[in-house]
Amino acid sequence: MKIAVFPGSFDPITIGHESILKRAVPLFDKLIVAVGKNAEKHSYFPLEKRIAWIKEVFKDYPSITVEEYSGLTIDFCKKVAAQYILRGLRTSADFEFERRVGQINKQMHPEIENVFLLSLPEHNSLSSSIIRDIVSNGGDASQFVPKAVKL
Ligand code: ADP
């Protein structure tokens, strides 16, 4: 059984995340969206809300589940018996960041493979932080989040 973890903050989930996950469905038997509880990185939206949104977006996708986690992503992968870490790549900056983390993870845990999907060109400029900026300034970011997400 091919199990992948898609880790992130999802603060909030965007149509960029949604696209990567839907495109990954045919590649894996099980996809676990792992929502990080990072003590240093104070989130804008509460964890419960971020998780509830993801559950709602993927309610018709039985292979996609959502879990919260803290600590190292690699340790979470072991806990859930995942062999793959899935990440999205938008820009060369994403690539450089992912290359460093992915290569160190691979050296420490050779049994876990990193899998990257390129973002669709129309999602290249989209990030959760831009959405937080729009929302916190009273703007309408609805076109950038899945329909089920009511910001
Ligand atoms: P993190 O804080 O770990 O970067 P995010 O929630 O921002 O978590 O992102 C989770 C994953 O989704 C990362 O692999 C990121 O590159 C990817 N991602 C974020 N935004 C997009 C987008 N617009 N298109 C494709 N992938 C994206």
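Residue numbers for the sequence shown, in our numbering: 55 to 205. Each residue gets a CB set at the ideal place from its N, CA and C atoms; glycine is no exception.
Would you decide whether residue i is buried or exposed? Buried here means 16 or more other CB atoms lie within 10 Å of its CB.
{"i": "D68", "result": "It should be noted that the sequence gives Thr, not Asp, for residue 68. T68 is buried by the Cβ-count criterion."}
{"i": "R141", "result": "buried"}
{"i": "E150", "result": "exposed"}
{"i": "N159", "result": "buried"}
{"i": "P80", "result": "exposed"}
{"i": "G287", "result": "Given that the chain is displayed from residue 55 to residue 205, the structure contains no residue 287 and the question cannot be resolved."}
{"i": "L75", "result": "buried"}
{"i": "H96", "result": "exposed"}
Between which residues of its own chain and residue i is the CB-CB distance below 6 Å, once the five residues before and five after are set aside?
{"i": "T119", "result": "I86"}
{"i": "I188", "result": "A195"}
{"i": "F82", "result": "K56, A58"}
Can you find the residues in the same chain that come closer than 7 Å, C-beta to C-beta, to residue i, ignoring five residues on each side of it along the sequence?
{"i": "F99", "result": "D65, P66"}
{"i": "F198", "result": "T68, I69, L180, I185"}
{"i": "L247", "result": "As shown, the chain starts at 55 and ends at 205. That puts residue 247 outside it, with no answer to give."}
{"i": "P175", "result": "none"}
Shorter than 7 Å from the beta carbon of residue i to some beta carbon of chain C?
{"i": "I166", "result": "Here chain C cannot be found, since the structure has a single protein chain."}
Residues in its own chain within less than 8 Å of residue i by CB, not counting five upstream and five downstream?
{"i": "M162", "result": "I128"}
| Could you give the uninterrupted runs of the alpha helix (DSSP H) lying entirely in the stretch 82 to 152, keeping only those of 4 residues or more? | Fully enclosed alpha helix (DSSP H) runs of 4 or longer: 101 to 111, 127 to 133.
| said: Pairs of beta-carbons, one from the stretch 105 to 122 and one from the stretch 137 to 152, closer than 8 Å: are there three or more? | reply: Not touching, per the Cβ criterion.
| Does the count of Cβ pairs from the stretch 156 to 172 and the stretch 131 to 140 closer than 8 Å reach three? | Between the stretch 156 to 172 and the stretch 131 to 140, the count of Cβ pairs shorter than 8 Å is three or higher; the stretches touch.
| What are the complete alpha helix (DSSP H) segments, minimum 4 residues, inside the stretch 145 to 190? | DSSP assignment within the stretch 145 to 190 yields the following whole alpha helix (DSSP H) runs of 4 residues or more, N-terminal first: 146 to 162, 182 to 190.
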